[in-house]
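**Student:** To convert, note that position 101 of the sequence shown is 104 in the working numbering; the numbers rise steadily by one, no gaps.
All residues carry an ideal CB built from backbone N, CA and C; glycine is no exception.
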Amino acid sequence: MQHEHAKVFNKIPLSVLDLAPIRQGSNARESFKESVELAQHVERLGFNRYWFAEHHNMPGIASSATSVLISHIAGNTKHMRVGAGGIMLPNHATLVIAEQFGTLESLFPGRIDLGLGRAPGTDQATAFALRRTLNSGPEEFPMQVNELQDYFSDEPKTHVKAIPGQGLNVPIWLLGSSDFSARLAAHKGLPFSFASHFAPAYTIPALKLYRANFEPSDTLAKPYAMVGVNVIAADTNEEAEYLASSQYMQFLNLRRGKPRQLQPPIESMDSVWSPMEKAAVYESLDPRTTIVGDKDTVRERLIAFQEETQADEMIIGSQIFHLKDRLRSYEIVAELFD
4 MQHEHAKVFN KIPLSVLDLA PIRQGSNARE SFKESVELAQ HVERLGFNRY
54 WFAEHHNMPG IASSATSVLI SHIAGNTKHM RVGAGGIMLP NHATLVIAEQ
104 FGTLESLFPG RIDLGLGRAP GTDQATAFAL RRTLNSGPEE FPMQVNELQD
154 YFSDEPKTHV KAIPGQGLNV PIWLLGSSDF SARLAAHKGL PFSFASHFAP
204 AYTIPALKLY RANFEPSDTL AKPYAMVGVN VIAADTNEEA EYLASSQYMQ
254 FLNLRRGKPR QLQPPIESMD SVWSPMEKAA VYESLDPRTT IVGDKDTVRE
304 RLIAFQEETQ ADEMIIGSQI FHLKDRLRSY EIVAELFD
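1. In its own chain, which residues sit with a C-beta less than 8 Å from the C-beta of Arg258, not counting the 5 before and 5 after it?
2. For the stretch 248-280, which segments carrying the alpha helix (DSSP H) assignment without a break, of at least 4 residues, lie completely within its bounds, in sequence order?
3. Could you tell me which whole alpha helix (DSSP H) segments of length 4 or greater appear in the stretch 182-223?
4. Do Val234 and Glu314 come within 8 Å of each other at the CB atom, strictly closer than that value?
5. Quick one: give me the first and last residue of the beta strand (DSSP E) that Tyr53 is part of.
6. Check each candidate in Asn60, Phe104, Glu150 and name the one with the smallest Cα separation from His162.
7. Between which two residues does the beta strand (DSSP E) carrying Val18 extend?
8. Okay, do the stretch 170-189 and the stretch 264-271 touch, 3+ Cβ pairs below 8 Å being the bar?
9. So the candidates are His59, Arg32, Pro62, Thr80; which of them puts its Cα closest to the Cα of Leu41?
10. At the level of alpha carbons, what is the spacing between Arg32 and His200?
11. Given a threshold of 16 other Cβ atoms within 10 Å of its Cβ, counted over all protein chains shown, does His6 qualify as buried or as exposed?
12. Between Ala307 and Met252, what straight-line distance do the alpha-carbon atoms span, to the nearest angstrom?
13. Given that a residue counts as buried once 16 or more other Cβ atoms are within 10 Å of its Cβ, and exposed if not, what is Met146?
14. Quick test of the definition: if touching needs 3 or more C-beta pairs under 8 Å, does the stretch 214-221 touch the stretch 186-196?
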């Protein structure tokens, strides 16, 4: 029976979500070096795509200039797709994103993905610093997506042209942690990636909405859904639980309103969080979508989640302090396909 499960699971592409973590005592330069090493490692392991997420004003996340990092990683890998998971579109002039990703697609043809989100990826004060106004917001997101698609078309309706960008086939994905982007992705016939790795409770409703309302487009004939999963894999369950404490502390510090660099793992979280804080962190890092354990545990839970979601692809994040442990975690996931 397990062998049959493995066959089903083997058909699903796996990808990587990298937040370019800045470890305690380190800096962004070291983070970027580690991202290159990780990207080259997972490319050899056969992972499908490598995405960065846009965040701002967070001491432990270095992926703020997302398009620059995409270029850096694409230039240091050979064939793996590289992209944004995602660009927070309300933070930007749409033309700028069209030009940036038109440039990336021109440099690395056939390898660039553009995932779009509508959240700010930061706090309100930082959003204002990015935009110089708070008059524009998430409600303008559908219009911005339309503008972006027009800039990439062969014959844009607007007199302003994205050069480079016009006529380039840059795949657009919509990202979401609620039902809004699920509906929009379905309406526009676009691939959809759901942030199950931090919004697990909304995963199934959003995927059902997306599939039930999907309208075929020139881009996509049928729904294509990718789900986010945190995986902290190690050679034993005990070691994996130890390594996972870094991610737990990251979410705990965010909930306390005191984001910090990624902390080294500790033996017991009970000395750090209160029972209420623990419950709040586990609400976001649900064991269904934050999978911590050895190879057997990871296999069992990944298969269960794929069967529950019927996902076409999984994108895996691993907020692990030491690079060697992070590399090993992705190795273990890849071994599930041997």
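**Tutor:** Well, looking at it:
1. For the purposes of this step, residue 258 is taken as residue 255 along the sequence shown, with counting starting at 1. The residues are Glu280, Ala283, Val284.
2. With a minimum length of 4 residues, there is no unbroken run of alpha helix (DSSP H) contained wholly in the stretch 248-280.
3. The stretch 182-223 contains these whole alpha helix (DSSP H) runs: 183-191, 206-216.
4. Reading the sequence shown from its first residue, position 311 is the one you call residue 314. Reading the sequence shown from its first residue, position 231 is the one you call residue 234. Position check: residue 314 holds Ala in this sequence, whereas Glu was assumed. A distance of 8 Å or more separates the beta carbons of Ala314 and Val234.
5. The residue you call residue 53 lines up with position 50 of the sequence shown. Per DSSP, the unbroken beta strand (DSSP E) holding Tyr53 starts and ends at 52-55.
6. Walking along the sequence shown from the start, residue 162 turns up at place 159. Ranking Asn60, Phe104, Glu150 by Cα distance to His162 puts Glu150 first.
7. Taking the sequence shown and counting its residues from 1, the one referred to as residue 18 is at position 15. Just to set this straight, residue 18 is Ser in the shown sequence, not Val. For Ser18, the enclosing beta strand (DSSP E) has its first and last residue at 17-21.
8. Counting C-beta pairs with one atom in each stretch, the stretch 170-189 and the stretch 264-271 have fewer than three that are closer than 8 Å, which means they do not touch.
9. The sequence position of residue 41 within the sequence shown is 38, counting from 1. Out of His59, Arg32, Pro62, Thr80, Thr80 has the C-alpha closest to the C-alpha of Leu41.
10. In the sequence shown, counting from the first residue as 1, residue 32 sits at position 29. In the sequence shown, counting from the first residue as 1, residue 200 sits at position 197. Rounded to whole angstroms, Arg32 and His200 show a C-alpha spacing of 26 Å.
11. Reading the sequence shown from its first residue, position 3 is the one you call residue 6. With a pLDDT of only 40 at His6, under the threshold of 50, the placement of this residue in the model should not be trusted; the figure read from the coordinates follows. With fewer than 16 other Cβ atoms within 10 Å, it is exposed.
12. For this step, residue 307 is matched to residue 304 along the sequence shown. For this step, residue 252 is matched to residue 249 along the sequence shown. Cα-Cα distance, rounded: 26 Å.
13. Within the sequence shown, the letter at position 143 stands for residue 146. Exposed: under 16 other Cβ atoms inside 10 Å.
14. In short, these stretches touch, since the Cβ pair count reaches three.
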